[in-house]
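J.: For what it's worth, the numbering used here labels the leading residue of the sequence shown as 2, then goes sequentially.
Let me give you the structure first, and then I'll get to my questions.
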Amino acid sequence: MAAPTEPSSPARVVVLVSGSGTNLQALLDATAEGGPAYGAEVVAVGADRSGIEGLRRAERAGLPTFVRRVADFASRPEWDVALADAVSAHRPDLVVSAGFMKIVGAEFLARFGGRIVNTHPALLPSFPGAHGVRDALAYGAKVTGCTVHFVDDGVDTGPVIAQGVVEIRDEDDEAALHERIKDVERRLLVDVVGRLARDGYSIKGRKVYIP
């Protein structure tokens, strides 16, 4: 995992989305409300598909957008290079995967490793993968939550930055539990991005240190 570089002031953030963009909106609101004191600004939004609400949120905010669809490339590595090129054009200090439903590859990690922030709706390392909420319910866990972590070459295996706990209620189904997790997730992501941007950080092994 690449060592983080000294961030700009404010830190430049590129956000990647695949759907409605509620985490993106939380970051946009935080930067608008916090101003320079927040420490970060979203400079561009990318997606792996067109016509999604996440891109419309970016356009309403006056931000540049780009789309790189896997289907438009002859191979997954070619898509990965194209995505990395599109992100690089905006010179980000941090890349935030905000509901981005694609796994990035070797080229993307080579350029941005140690700077890619992701969220997951469970308390990693428990219940990784695409069905973290469903899996926690099926297991009979009493608490779950969300994790903000750096991305590495595994699936939800990167160093943990912060976690938030959510109680599982007897009456919960997957949808109800996921909505409560999302509320915590948005607040946690906004806090983490601001702290990383303002205070800097280092990664030593699996530990993330924020001064």
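Here a beta-carbon is modelled for each residue, glycine too, at the ideal position from N, C-alpha and C.
Just so we're clear, the structure is a prediction, and the values are computed from it rather than from any experiment.
#1: Nearest-angstrom Cα distance between G206 and G115?
#2: Can you name the residues that DSSP bridges to V185?
#3: Using the beta-carbon count (16 or more within 10 Å), is V65 buried or exposed?
#4: I need the boundaries of the alpha helix (DSSP H) containing I137, first residue and last residue.
#5: Out of W80, I53, A72, R92, which has the shortest C-alpha to C-alpha gap to E42?
#6: Using three-state DSSP, classify G146 as helix, strand or coil.
#7: As a quick exercise: from V149, E168, E108, pick the residue whose alpha carbon is nearest that of E79.
#8: What residue range does the beta strand (DSSP E) around L95 cover?
#9: Provide the residue span of the beta strand (DSSP E) that contains T66, from first to last.
#10: Just the Cα atoms here: how many angstroms apart are G146 and L29?
#11: Just mark V193 as buried or exposed, buried being the case when its beta carbon has 16 or more other beta carbons within 10 Å.
#12: For L17, which residues does DSSP report across the bridge?
#13: Pick from V105, F151, R112: whose alpha carbon is nearest that of H121?
#14: Whose CA, out of D171, E168, V18, lies closest to the CA of G100?
#15: Would you kindly report the start and end of the unbroken alpha helix (DSSP H) that includes S89?
#16: Apply the 10 Å Cβ neighbour rule to A59 and answer buried if 16 or more other Cβ atoms are within range, or exposed otherwise.
#17: Count the CB pairs spanning the region 134-143 and the region 151-162 that are closer than 8 Å, and state whether there are at least three.
#18: What does a CB cutoff of less than 6 Å around R199 pick up in its chain, not counting 5 residues either side in sequence?
#19: Taking only the alpha-carbon atoms, compute the straight-line gap between A45 and A62 and give it to the nearest angstrom.
#20: Measuring only the C-alpha atoms, how far is G195 from G201?
#21: Check each candidate in P11, F67, A87, P129 and name the one with the smallest Cα separation from P37.
#22: So, for I104: in the same chain, excluding its five sequence neighbours on each side, which residues have a beta-carbon less than 8 Å away from its beta-carbon?
T.: Here's the rundown:
#1: 11 Å
#2: Answer by DSSP bridge pairing: none, since V185 is not bridged.
#3: Before going further, note that residue 65 is Pro rather than Val in the sequence given. Looking at its Cβ environment, which holds fewer than 16 other Cβ atoms inside 10 Å, P65 is exposed.
#4: A quick correction: the sequence has Ala, not Ile, at residue 137. First-last of the alpha helix (DSSP H) with A137: 133-140.
#5: R92
#6: strand
#7: E108
#8: 95-98
#9: 66-68
#10: 23 Å
#11: buried
#12: G47, S98
#13: F151
#14: V18
#15: 77-89
#16: buried
#17: no
#18: G40
#19: 10 Å
#20: 10 Å
#21: P11
#22: V156
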